[in-house]
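Participant: Pasting a structure here, questions to come.
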Amino acid sequence: MTAPATIEKNRDVYSIRQQFPVLNREVKGKPLIYFDNAATSQKPQSVIDALVNYYSNYNANVHRGIHTLAEEATLAFEATRDAVQQFINAASREEIIFTKGTTEGINLVAYTWGRKNLNAGDEIIISSMEHHSNIVPWQILCEEKGATLKVIPINDNGELLMDEYKKLLGPKVKLVSVMHVSNAMGTVNPVEEIISAAHKIGAVVFIDGAQSTVHLDIDVQKMDADFFAFSAHKLYGPTGAGVLFGKKHLLESMPPFQGGGEMIKEVSFEKTTYADLPYKFEAGTPNIADTIVLKTAIDFVNKIGKQKIRDHENALLSYATAQLEEIPGLRIIGKAKEKVSVISFVIDKIHPQDIGILLDNRGIAVRTGHHCAQPLMQRFGISGTTRASFAVYNTMEEVDALVTGLHKVIKLLS
Ligand SMILES: Cc1ncc(COP(=O)(O)O)c(C=O)c1O
């Protein structure tokens with residue numbers, strides 16, 4: 007049985023859709039239905055225009071020039087820092103480091119804070135649902151230092167076992183690094199509880215905000231995160247730009263990540279002194295254009311409002327979950343009580359890749375595979391899932407099309 011066509015309750019979604027030119031295109035002769043938002047979101051016209059405007063009108067290197075274009079570029083670049091500070095409620099703009107994305111933020115902390123503070127016998131705690139980018143940098147660090155990686159287990163719904171976490175919090179633990187929201191399941195982790203428990207034993211906490219920043223209100227002070235990272239491209243912004251937040255006293259105590267221009271105060275062959283925060287961690291010419299345009303993406307989100315975005319996405323999530331649960335042989339992976347708009351599922355005897363290919367033939371873009379979370383897939387005894395992840399511009403009708411498509415896939419392949 008296919009789902010009935012649904013009247014979209016949130017009419018605003020249609021005017022929001024008009025701001026995304028890519029949604030007008032067809033794929034395989036069908037209107038594009040883009041459900042791969044957890045991998046990267048589509049970009050509104052304002053973001054595309056801001057990028058073109060930068061290159062058309064004030065392309066210049068930042069910080070070093072006194073000419074008009076350099077000043078305009080620098081002002082716009084630094085305006086993003088202020089916008090990010092407000093967006094995540096950091097205590098100061100010096101705590102906002104521009105990176106190329108979440109992965110670089112995690113590596114930065116592993117290479118600098120990690121190399122300085124970790125010793126043989128120490129422990130780092132991560133969780134079994136982490137993205138590879140929040141596993142591998144810590145593994146490399148542990149190997150180098152003779153430290154050990156400990157893993158918080160999860161239950162069958164895809165929620166962290168908090169009692170097990172607390173048991174892991176012994177005197178050797180120096181760092182806890184967990185994702186705020188799971189990219190593969192949508193689980194929202196109780197980061198405030200995780201952080202306060204870690205702080206009681208003096209451990210530092212890194213929160214991977216790659217998937218949370220677009221859905222949830224982020225307040226790094228209330229959360230009391232020591233480090234928090236996210237990527238612009240999952241937030242309706244451009245690829246290649248991101249943010250690492252770090253508490254000032256920690257960033258000040260850390261050695262630089264990369265050496266080069268921008269990150270120095272004075273250089274001589276005898277000794278180099280480093281720039282103050284945040285520039286100490288921003289060596290070389292940064293990704294000026296995409297960092298400037300991150301502010302345009304933040305403005306886009308703020309204009310609609312996170313609450314409204316969440317309400318819309320949660321309605322899509324509930325509707326889709328109810329529809330998918332009715333499909334015989336379909337099993338949802340990740341049924342946490344606290345979830346964002348991500349649905350991962352497997353269907354008996356059908357490979358996720360086949361599902362992905364057949365849905366693509368109907369213009370529906372989903373992600374299939376291990377979602378850079380192979381240990382999580384191992385936990386569930388599967389090689390991968392099909393994942394549909396919803397954004398502000400998705401509609402109930404699109405969910406109906408997914409459900410219809412899945413019925414067709416099953417009919418064809420089983
Ligand atoms: C939870 C999580 N962490 C980290 C990353 C890495 O982000 P990026 O590739 O933008 O650096 C992703 C990307 O999918 C993610 O979902």
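Residue 368 in this note's numbering is what sits at position 362 of the sequence shown, and the numbering runs on without skipping anything. C-beta: ideal position from N, C-alpha, C; glycine also. If you're wondering where the values come from, they're calculated on a predicted model, not measured in any experiment.
Do you know how far the Cα of G248 is from the Cα of K106?
Facilitator: Looking up residue 106 in the sequence shown gives position 100. Looking up residue 248 in the sequence shown gives position 242. Cα to Cα, the separation comes out at about 5 angstroms.
Participant: Need the endpoints of the alpha helix (DSSP H) that V405 sits in, please.
Facilitator: Walking along the sequence shown from the start, residue 405 turns up at place 399. Looking at the DSSP string, the run of the alpha helix (DSSP H) that includes V405 is M402 to L419.
Participant: Does ligand 1 have even one heavy atom less than 7 angstroms from the beta-carbon of Q217?
Facilitator: For the purposes of this step, residue 217 is identified with residue 211 of the sequence shown, where counting begins at 1. Within the cutoff, so yes.
Participant: Apart from the five residues on each side of it in sequence, which residues of its chain come closer than 6 angstroms, Cβ to Cβ, to S159?
Facilitator: For the purposes of this step, residue 159 is taken as the residue at position 153 of the sequence shown. The residue asked about is misnamed: residue 159 is Pro in this sequence, not Ser. Excluding positions up to five away in sequence, the list reads S134, L167 and E170.
Participant: Could you work out which residue in G290, L29 and D42 is closest to A371 when comparing CA atoms only?
Facilitator: Position 365 of the sequence shown, counting from 1, holds the residue named residue 371. Of the candidates G290, L29 and D42, the one whose C-alpha sits nearest the C-alpha of A371 is D42.
Participant: Short of 7 angstroms in beta carbon distance, which residues of its chain neighbour P143, apart from the five on each side in sequence? Order them along the chain.
Facilitator: In the sequence shown, residue 143 corresponds to position 137, counting from 1. Excluding residues within five positions, the ones whose Cβ falls inside 7 angstroms are I112, N113 and A116.
Participant: Give me the Cα-Cα distance between I213 and Y285, rounded to the nearest whole angstrom.
Facilitator: Here the question's residue 213 lines up with position 207 in the sequence shown. Here the question's residue 285 lines up with position 279 in the sequence shown. Distance between the alpha carbons of I213 and Y285: 22 angstroms.
Participant: K271 to F233, Cα distance in whole Å?
Facilitator: As a first step, residue 271 is located in the sequence shown; it is residue number 265 there, counting from the start. As a first step, residue 233 is located in the sequence shown; it is residue number 227 there, counting from the start. About 25 angstroms.
Participant: In the DSSP assignment, find the alpha helix (DSSP H) that holds L256 and state where it starts and stops.
Facilitator: Along the sequence shown, one-based indexing puts residue 256 at 250. Where L256 is concerned, the enclosing alpha helix (DSSP H) stretches over K254 to S259.
Participant: Would you call the stretch 193-203 in contact with the stretch 15-28, where contact means no fewer than 3 C-beta pairs closer than 8 angstroms?
Facilitator: No: fewer than three Cβ pairs fall under 8 angstroms.
Participant: Confirm, please, whether the CB-CB distance from H221 to C378 is below 8 angstroms.
Facilitator: In the sequence shown, residue 378 corresponds to position 372, counting from 1. In the sequence shown, residue 221 corresponds to position 215, counting from 1. Taking 8 angstroms as the Cβ cut-off, C378 and H221 do not qualify as a contacting pair.
Participant: Relative to the alpha-carbon of M147, which residue among K277, V157, K414 and N125 has its alpha-carbon at the smallest distance?
Facilitator: Looking up residue 147 in the sequence shown gives position 141. As written in the sequence, residue 147 is Leu, which differs from the Met given in the question. If we check each option's Cα against that of L147, N125 comes out closest.
Participant: Can you look up E272 in the DSSP assignment and give me helix, strand or coil?
Facilitator: Within the sequence shown, residue 272 is the residue found at index 266, counting from 1. It is a strand residue.
Participant: Which residue from D282, K36, K301 and H357 puts its Cα closest to that of I54?
Facilitator: Stepping through the sequence shown from its first residue, residue 54 is reached at position 48. Looking at the Cα atoms, K301 is the closest of the given residues.
Participant: Going straight from the alpha carbon of N140 to that of N189, what length do you get?
Facilitator: Locating residue 140 in the sequence shown gives position 134, counting from the first residue. Locating residue 189 in the sequence shown gives position 183, counting from the first residue. Between N140 and N189, the C-alpha separation is close to 12 angstroms.
Participant: With R316 as the anchor, note down where its alpha helix (DSSP H) starts and where it stops.
Facilitator: Within the sequence shown, numbered from 1, the residue matching residue 316 stands at position 310. Segment K312 to E331, the alpha helix (DSSP H) holding R316.
Participant: Would you tell me roughly how many angstroms separate the C-alpha atoms of Q91 and A97, rounded to the nearest one?
Facilitator: Numbered from 1 along the sequence shown, position 85 holds the residue referred to as residue 91. Numbered from 1 along the sequence shown, position 91 holds the residue referred to as residue 97. C-alpha separation (whole angstroms): 7 angstroms.
Participant: Anyone know if the C-beta pair for G164 and G340 falls short of 8 angstroms?
Facilitator: For the purposes of this step, residue 164 is identified with residue 158 of the sequence shown, where counting begins at 1. For the purposes of this step, residue 340 is identified with residue 334 of the sequence shown, where counting begins at 1. The answer is yes: Cβ separation under 8 angstroms.
Participant: Take L364 as the anchor and find which of E129, V273 and V409 has the nearest alpha-carbon.
Facilitator: The sequence position of residue 364 within the sequence shown is 358, counting from 1. Checked all of E129, V273 and V409; the closest Cα to L364 is V409.
Participant: Looking only at its own chain, which residues have a Cβ that is under 7 angstroms from the Cβ of Y242, when we skip the five neighbours before and after it?
Facilitator: Along the sequence shown, read from residue 1 onward, the residue named residue 242 stands at position 236. Within the same chain, Y242 has close Cβ partners S47, K49, P50, V53, A303, F306 and V307.
Participant: Find the nearest neighbour of E129 within the set K156, F104, T109 and Q145, judged by alpha-carbon distance.
Facilitator: Residue mapping note: residue 129 aligns to position 123 of the sequence shown, counting from 1. Here the closest residue by C-alpha is K156.
Participant: Reducing DSSP to helix, strand and coil, say where A56 ends up.
Facilitator: As a working mapping, residue 56 is identified with position 50 in the sequence shown. Three-state DSSP puts A56 in a helix.
Participant: In terms of DSSP beta bridges, what is P37 paired with?
Facilitator: Locating residue 37 in the sequence shown gives position 31, where the first residue counts as 1. Looking at the DSSP assignment, P37 forms a beta bridge with E32.
Participant: Just the Cα atoms here: how many angstroms apart are K122 and I353?
Facilitator: Your numbering for residue 122 matches position 116 in the sequence shown. Your numbering for residue 353 matches position 347 in the sequence shown. Approximately 47 angstroms between the Cα atoms of the pair.
Participant: Look at the Cβ atom of I338, then the Cβ atom of S420, and state whether they are nearer than 8 angstroms.
Facilitator: Your numbering for residue 338 matches position 332 in the sequence shown. Your numbering for residue 420 matches position 414 in the sequence shown. In this structure, S420 does not lie closer than 8 angstroms to I338 by Cβ.
Participant: Measuring straight from C-alpha to C-alpha, what distance separates G335 and I416?
Facilitator: Along the sequence shown, read from residue 1 onward, the residue named residue 335 stands at position 329. Along the sequence shown, read from residue 1 onward, the residue named residue 416 stands at position 410. C-alpha separation (whole angstroms): 9 angstroms.
Participant: Can you pull the DSSP bridge partners for G248?
Facilitator: Residue mapping note: residue 248 aligns to position 242 of the sequence shown, counting from 1. According to DSSP, G248 bridges with T105 and S237.
Participant: Within a Cβ cutoff of 6 angstroms, which residues of the same chain sit near A342, ignoring the five residues on either side of it in sequence?
Facilitator: On the sequence shown, position 336 is the one that residue 342 refers to. Contacts found: N163, G164, E165 and T193.
Participant: Within 10 angstroms of the Cβ of S62, are there 16 or more other Cβ atoms? Answer buried if so, exposed if not.
Facilitator: One-based indexing of the sequence shown puts residue 62 at position 56. S62 should be labelled exposed.
Participant: Any idea if Q264 is buried or exposed, counting beta-carbon neighbours within 10 angstroms, 16 or more meaning buried?
Facilitator: Along the sequence shown, one-based indexing puts residue 264 at 258. So Q264 ends up on the exposed side.
Participant: Is any non-hydrogen atom of ligand 1 found closer than 7 angstroms to the C-beta of D5, if you look at the structure I gave you?
Facilitator: Not covered by the structure: residue 5. The range shown for the chain is 7 to 420.
Participant: What first and last residue would you give for the beta strand (DSSP E) that runs through F351?
Facilitator: Here the question's residue 351 lines up with position 345 in the sequence shown. Element bounds for F351: V348 to I353.
Participant: Could you tell me the alpha carbon to alpha carbon distance between I103 and I333, rounded to whole angstroms?
Facilitator: One-based indexing of the sequence shown puts residue 103 at position 97. One-based indexing of the sequence shown puts residue 333 at position 327. Each residue's alpha carbon lies about 46 angstroms from the other.
Participant: Is any heavy atom in ligand 1 found nearer than 7 angstroms to the beta carbon of G375?
Facilitator: Along the sequence shown, one-based indexing puts residue 375 at 369. False, no ligand heavy atom lies under 7 angstroms from that Cβ.
Participant: Hey, A56 and V299 are a contact pair by Cβ (cut 8 angstroms); roughly how many whole angstroms apart?
Facilitator: Working through the sequence shown from its first residue, we reach residue 56 at position 50. Working through the sequence shown from its first residue, we reach residue 299 at position 293. The Cβ separation is near 5 angstroms, so the contact holds.
Participant: What's the call for V58, buried or exposed, on a 16-neighbour Cβ count within 10 Å?
Facilitator: The residue labelled residue 58 in the question sits at position 52 within the sequence shown. Counting Cβ neighbours within 10 Å, V58 comes out exposed, since fewer than 16 surround it.
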